[in-house]
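Worksheet: the structure to be examined is printed underneath.
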Amino acid sequence: MVVAVGRSPGLTLTLKCLVELLEADDEDEYGILKPTDYAFKTVMNLILEANSLLLTDFPKASASTDHQGGIRLAWTGSSSDDELCLFCPAVATAPVDIYYLLNGEEGIEDVISPVTLVKWLNRFHPA
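For the sequence shown, our numbering assigns the number 760 to the initial residue and increments by one for each residue that follows.
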């Protein structure tokens, strides 16, 4: 896969964080450390497609796994209280979700397409 990320340092750093998850030990006493193939491929596709739709640079996110191999991408906002998280479960039987806390408003939304992620990234990091 060839990805042009030279213009977007946030995307480059986010992709680096995702690849580092693949290099982790398989598991520890808390559970699985590496993401499942499903979670990794789903998140990669979502962020690459979202990047192509964004009108601004892709914002840098931190990446982590849950105890089952799902992936969580987290963005912090200009206010230390604001947070946006994309969660992709380890398996396709559970939905991909966005969790948000923005200006005191919080909630969860299913990610049915990259457009959903773009909508929240634009709200979270306006141009």
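Heads up, the beta-carbon is just placed ideally off N, CA and C, and yes, glycines get one too.
Cβ-based neighbour list, residue i, same chain, cut-off 8 Å, excluding 5 preceding and 5 following
| i | result |
| --- | --- |
| D816 | R766, S767, P768, G769, L770 |
| D785 | I791, L792, K793 |
Cβ-Cβ distance between residue i and residue j below 8 Å
| i | j | result |
| --- | --- | --- |
| L813 | V877 | yes |
| V870 | I857 | yes |
| Y859 | L880 | no |
| L777 | M803 | yes |
Three-state secondary structure (DSSP) of residue i
| i | result |
| --- | --- |
| V761 | At V761, the pLDDT of 42 sits below 50, so the modelled position is not reliable; the number obtained from the coordinates is stated separately. Residue state, collapsed to three classes: coil. |
| I871 | coil |
| E864 | strand |
| Y797 | helix |
| E843 | The sequence given here places Leu at residue 843; Glu does not occur at that position. If DSSP states are grouped into helix, strand and coil, L843 belongs with the strands. |
| T815 | coil |
| T835 | strand |
| D829 | For clarity, residue 829 is Gly in the given sequence; the question names Asp instead. G829: coil per DSSP, three-state reduction. |
| A783 | coil |
| A822 | strand |
Chain-order list of residues whose beta-carbon lies under 6 Å from that of residue i (same chain, five-residue window excluded)
| i | result |
| --- | --- |
| P794 | L780, T824, G828, I830 |
| V761 | For V761, the pLDDT reaches just 42, beneath the cut-off of 50, and the residue's location in the model is therefore unreliable, although a value from the coordinates is still provided. Counting only Cβ-Cβ distances below 6 Å, and skipping sequence neighbours, we find nothing. |
| L845 | L832, I857 |
Same chain only: Cβ atoms within 7 Å of residue i, ignoring 5 sequence neighbours per side
| i | result |
| --- | --- |
| Y789 | H826 |
| K819 | G769, L772, T773 |
| G866 | Y859 |
| E808 | P873 |
| T801 | C847, V855 |
Practice prompt. Please determine if the stretch 866-885 and the stretch 836-848 are in contact, where contact requires at least 3 C-beta pairs separated by less than 8 Å.
Written response: yes
Discussion item. Count Cβ pairs between the stretch 845-857 and the stretch 810-828 that sit closer than 8 Å; are there 3 or more?
Written reply: yes
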